[in-house]
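Chains as they are written, first to last, in my numbering: chain A, 695 to 1019; chain B, 551 to 713; chain C, 4 to 506. Just so it is clear, CB atoms sit at the ideal spot from N, CA and C, and this is done for glycine as well. Since the structure is predicted, the reported quantities are computational estimates derived from the model, not experimental observations. One structure is given here, and the rest of the page talks about it.
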Amino acid sequence: MLKFTLLGSALALLLQVPLAPAMAEFKPTRPIEIVVHGGPGSGNDLFARSIIAIVEQEKLAPVRMQVANKPGGGSTTASAYLASKKGDPHTIGVFTNIWLTDPLLQEEANNPLTSMTPIARMLVEPALLVVKADSPYKSLQDLINAAKEKPGQIKQSGGSITARENIIRQLIAGATGARWSFISFPSGGERLAALLGGHVDLMILEPGEANEQIRSGKLRVLAQVAETRLETFKDAPTLREAGVSIPNVPQTRGIVAPPAVSEDSAKYYEDLMARVVKTEAWKKYLETNFFDGSFANSKDTREFLVSYQDDIRGYLKESGAKVVR
Amino acid sequence: MIKSSGTGLNRRALISGDVAAGIVLTGLGIFILTQTQRWAFSNADGPGPGFFPSWYGVAIILLSIALIVGKLRQPSTGERQPIDWRSIARVMLTWGAFCLTVVLLEPLGFAIGFTLLTIVLIRFVFEKSWRAAVVTGVLSSLAFELIFPFALGVQLPVGLVGF
Amino acid sequence: MDTFSGLLHGFSVAFQPANLFWCFVGCFLGTIVGILPGLGPAATIAMLLPLTFQMDPSGGIIMLCGIYYGAKYGGSTTSILLNMPGEASSVVSCLDGYQMARKGRAGAALGIAAIASFIAGTVGVVALTVVAPPIAAFALSFSSPEYFALMCLGLSLVVLLTGPSLVKGLLSLLIGLWLASIGTDLFTAQSRFTFGRSELLGGIEFMIVAIGVFALSEVLASIENREQTRLLPVPRGLRNLLPSWEELKACRFAFLNGSVVGFIVGVLPGAGSAIASFISYGVEKAVSRHPEKFGTGVPEGLAAPEGANNADTGGALVPLLTLGIPGGGTTAILLSALVFWGIKPGPLMITESPDIFWGLVASMYIGNVVLLILNLPLVPLFAQILRIPVYVLFPLIFGIAIVGAYSTSGQIFDVALLAIFGLLGYLMVKFGFPTAPLILGFVLGDPMERALRQSLMMSQGDFLPMLSRPLAAGMLCLAVLILLVPFLGQINRWRVRAITETV
């Protein structure tokens, strides 16, 4: 059946070619593919599937949408795939911070996000700096003082050195002189297990990952990595309130189209996403995951990405990573 | 049957598979070690990316030398079986057909590429009739298309023709 | 609510007709996706997740978990019949399972796999019910040094997996270690051994190495020996399709061993079920009275890893449900599914959502029975696959391999890698290198390097703290002991020869 619809839509496309200039507005005519750099069940996969569920529930698009998982090489496989769909109006992708960092650090990753067509920034993820509940550090200042007293003794668990948690660590070290070591673990589960087992001292992670542990009194929040306090954790200060003034390092997620797509189709997806973020279901999605819904349109997203790429390049250089671009 | 003394060099062994494998693996070990030079063995935080590969690179070289030396010192066990080149050719034909299919997956897609592979294997490797080859090729390809993309939604390579 | 009344309550939830139905649906779907490569439980759950939003949460989670443990039952089918492991944990099942099939005991092998899965799966759930909180605390006590020691213990099993030449086995293992380090280094984000290909930045997918080195090399080797190749014998009659009493009796210890090892390793978030199956196979061979027969198709060599693979499920749910920590890919998506329903797995789950927690646990008891009933009748059916003439079957194996490789990433490049590993596997067999150690090295290489570097970073470059931790030191000593066993045997032979020569 799928084949017939594909064949049919291919025919329809062929027939439409002479009419194309007359049609000002773009409307998708075959299923839309959303490229995701994680495997099924990863955060971005679920993000894409949530958008699809909303689009289908509210009937926002005339065609079906499907996820295309392109894991491998961080974001590089997915971005290479998206770049290969140059000009294709029926393919879009989900970007996150690593779409910016991978091309900066890896020679082989040669499809930078800024070469594509940003559609929208959908959300910004806050983060929490947490310690174990029985930790001697009651406040961020305690932690900073202890780190200064015995440099290198305090340990943080996290992902790759390109991850936001390491960049924040470097920024705190730069601002306060407090240094501690950063130990990489591949999965969120292992990072959290290392903290709960007392093998490391602190972690910077997303509120959704830590909330249950905080609620049950196993972890304590020392500070929030956000502009303003989150409703759920209103007793914990933001980094700035805790006396550490470092630039905010947002973790973002958004939608990007391949390079060189028509303005009409970019506009279409921009409007589609603008309608998605207005739904109740989207608000509920943001709420359950403690995301901050700071939507930005295509133009703003491009500006944001270009300037943010420069910021990140600077942070990565400071943190000792080898920047190739 | 040639019998060499237990301790002397065994000349026949020089052309044996073990020695060839040992030489290739020594090469791999050297390659690993040269690559490792580009990465830090250790840095301020602890061992670097070159740490682990250096160890197993050295181990590969030592063990492959042990393999070669062991083989050269080993007494010949007797006449070696003649290599059956016809069988080897059959294997290489199969493997070559598979490689060609991989190349053709991009332009032709799974359905056509796999049908062709099946036909080639059945006709030339198993030497069955053309009819058996074509019927099996088309039917099994159809079965794959029905099970994976159609029933399970698993994507298969799609060629320029659209399936 | 104590355990007993909790479980009773759970059964009252799980036995509701709707939930019973969803449990069956989940187990059935799981069996199918487990058998077919190219569609894992994680992908299936992700696809079905949106459909379950309209369902009652307990019914939904019961079904999704059914897919998870059902897939483990099906995973061994292609290992036994085609020497094609569907996931990392069924590699070990190939070693003796496929050899059993070659000896004409394919039906028996499938039956033993189902029974081992049932017993160990059930033991895993019982353990999950009874000891979840204390065992979760044990899991947290595992730090990087312990993981490193565990991986060393796993690697030392190489001596049990090699044939006559230990040197060749070790070389095969080292190649596996090298292949595992291809890709981006987690700690520094530097790429290693990628030959400038962006496709290699994420490393090589396990499935590709395993299918290439096991299944494709087997096909190539069979094509080479066409004169001797007959169809694998499939005796007729139900009697020959089921495991015999002797075979089951030989597996007694393997059932227990697989259950215990699988559960304990499953609990550890950083270990994974592949190492559980390797260790249980090693234990089985080490205590066996006829270790030399392993690898030629002994039933206990299949029952132990297959059991471990399934007991692992119960273990992996311990940190997920009691701590909110997912251990691997599939448990991570189960966690997301629970969050979608507004259920937060974690320390408070048992008290806040007892319906879900106990309903799920109870449904796993039922699910294991369902799977046994579902799988045993399928055994004669699957055994018929071997009746397909080779000239049809071999191209089909190539097709399945292509689908499996392509679906892991959606890149043709991965199918090309498959061709390379097929040739590598064939050459290894030709030159007398055992292939199992390569897989062992490939599976363990990455976690081992990581754990070693983490440990040294935590101790600031000092090896000593590793040895001062009793559990880590114990496992390291055991690993060294296992590695020394063949040399002890060698020394013993010299001694015996020396004595006989002097006398």
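Outcome for residue i when other beta-carbon atoms lying within 10 angstroms are tallied against a minimum of 16
{"i": "residue 1003(A)", "result": "buried"}
{"i": "residue 459(C)", "result": "buried"}
{"i": "residue 715(A)", "result": "For residue 715(A), the predicted structure reports a pLDDT of 41, less than 50, and the residue's modelled location is therefore unreliable. A value from the coordinates is still provided. Residue 715(A) is exposed by the Cβ-count criterion."}
{"i": "residue 487(C)", "result": "exposed"}
{"i": "residue 839(A)", "result": "exposed"}
{"i": "residue 57(C)", "result": "exposed"}
{"i": "residue 414(C)", "result": "buried"}
{"i": "residue 198(C)", "result": "exposed"}
{"i": "residue 701(B)", "result": "exposed"}
{"i": "residue 25(C)", "result": "buried"}
{"i": "residue 466(C)", "result": "exposed"}
{"i": "residue 679(B)", "result": "exposed"}
{"i": "residue 188(C)", "result": "buried"}
{"i": "residue 707(B)", "result": "buried"}
Neighbour flag for residue i against chain B, beta carbons, 8 angstroms
{"i": "residue 193(C)", "result": "yes"}
{"i": "residue 171(C)", "result": "yes"}
{"i": "residue 360(C)", "result": "no"}
{"i": "residue 181(C)", "result": "yes"}
{"i": "residue 736(A)", "result": "no"}
{"i": "residue 50(C)", "result": "yes"}
Cβ of residue i within 8 angstroms of any chain A Cβ
{"i": "residue 595(B)", "result": "yes"}
{"i": "residue 707(B)", "result": "no"}
{"i": "residue 67(C)", "result": "no"}
{"i": "residue 55(C)", "result": "no"}
{"i": "residue 336(C)", "result": "yes"}
{"i": "residue 462(C)", "result": "no"}
{"i": "residue 447(C)", "result": "no"}
{"i": "residue 472(C)", "result": "no"}
{"i": "residue 559(B)", "result": "Unreliable positioning characterises residue 559(B) in this predicted model, as indicated by a pLDDT of 44, which lies under 50. A coordinate reading is not provided."}
{"i": "residue 85(C)", "result": "no"}
{"i": "residue 498(C)", "result": "no"}
{"i": "residue 190(C)", "result": "yes"}
Short CB-CB distance (under 8 angstroms) between residue i and chain C
{"i": "residue 850(A)", "result": "no"}
{"i": "residue 942(A)", "result": "no"}
{"i": "residue 799(A)", "result": "yes"}
{"i": "residue 582(B)", "result": "yes"}
{"i": "residue 614(B)", "result": "yes"}
{"i": "residue 877(A)", "result": "yes"}
{"i": "residue 573(B)", "result": "no"}
{"i": "residue 841(A)", "result": "no"}
{"i": "residue 684(B)", "result": "no"}
C-beta contact flag for residue i and residue j at 8 angstroms
{"i": "residue 129(C)", "j": "residue 365(C)", "result": "no"}
{"i": "residue 948(A)", "j": "residue 816(A)", "result": "yes"}
{"i": "residue 382(C)", "j": "residue 205(C)", "result": "no"}
{"i": "residue 360(C)", "j": "residue 52(C)", "result": "no"}
{"i": "residue 261(C)", "j": "residue 307(C)", "result": "yes"}
{"i": "residue 913(A)", "j": "residue 904(A)", "result": "yes"}
{"i": "residue 614(B)", "j": "residue 572(B)", "result": "yes"}
{"i": "residue 136(C)", "j": "residue 89(C)", "result": "no"}
Those residues which DSSP pairs with residue i across a bridge
{"i": "residue 898(A)", "result": "823(A)"}
{"i": "residue 845(A)", "result": "DSSP output for residue 845(A) lists no bridge partner at all."}
{"i": "residue 592(B)", "result": "597(B)"}
{"i": "residue 947(A)", "result": "790(A) and 817(A)"}
{"i": "residue 811(A)", "result": "951(A)"}
{"i": "residue 195(C)", "result": "186(C)"}
{"i": "residue 850(A)", "result": "876(A) and 896(A)"}
{"i": "residue 918(A)", "result": "822(A) and 932(A)"}
Could you tell me whether the stretch 450-458 of chain C touches the stretch 597-617 of chain B, where touching means 3 or more Cβ pairs closer than 8 angstroms?
A contact exists between the stretch 450-458 of chain C and the stretch 597-617 of chain B.
So does the stretch 796-804 of chain A actually touch the stretch 762-781 of chain A, counting three or more Cβ pairs closer than 8 angstroms?
Result yes; three or more Cβ-Cβ pairs closer than 8 angstroms.
Using 8 angstroms as the threshold, is the stretch 659-670 of chain B in touch with the stretch 430-439 of chain C, meaning 3 or more CB pairs across them?
Output reads no: the stretch 430-439 of chain C does not touch the stretch 659-670 of chain B.
Validate contact between the stretch 692-699 of chain B and the stretch 19-33 of chain C using beta carbons, cut 8 angstroms, 3 pairs:
When C-beta atoms of the stretch 692-699 of chain B are compared with those of the stretch 19-33 of chain C, fewer than three pairs fall below 8 angstroms, so the two segments do not count as touching.
Using 8 angstroms as the threshold, is the stretch 752-768 of chain A in touch with the stretch 723-734 of chain A, meaning 3 or more CB pairs across them?
Put simply, the stretch 752-768 of chain A touches the stretch 723-734 of chain A. At least three CB pairs are less than 8 angstroms apart.
Is the stretch 882-892 of chain A touching the stretch 316-333 of chain C, taking contact as three or more C-beta pairs under 8 angstroms?
Here the stretch 882-892 of chain A makes contact with the stretch 316-333 of chain C; the two share three or more CB pairs at distances below 8 angstroms.
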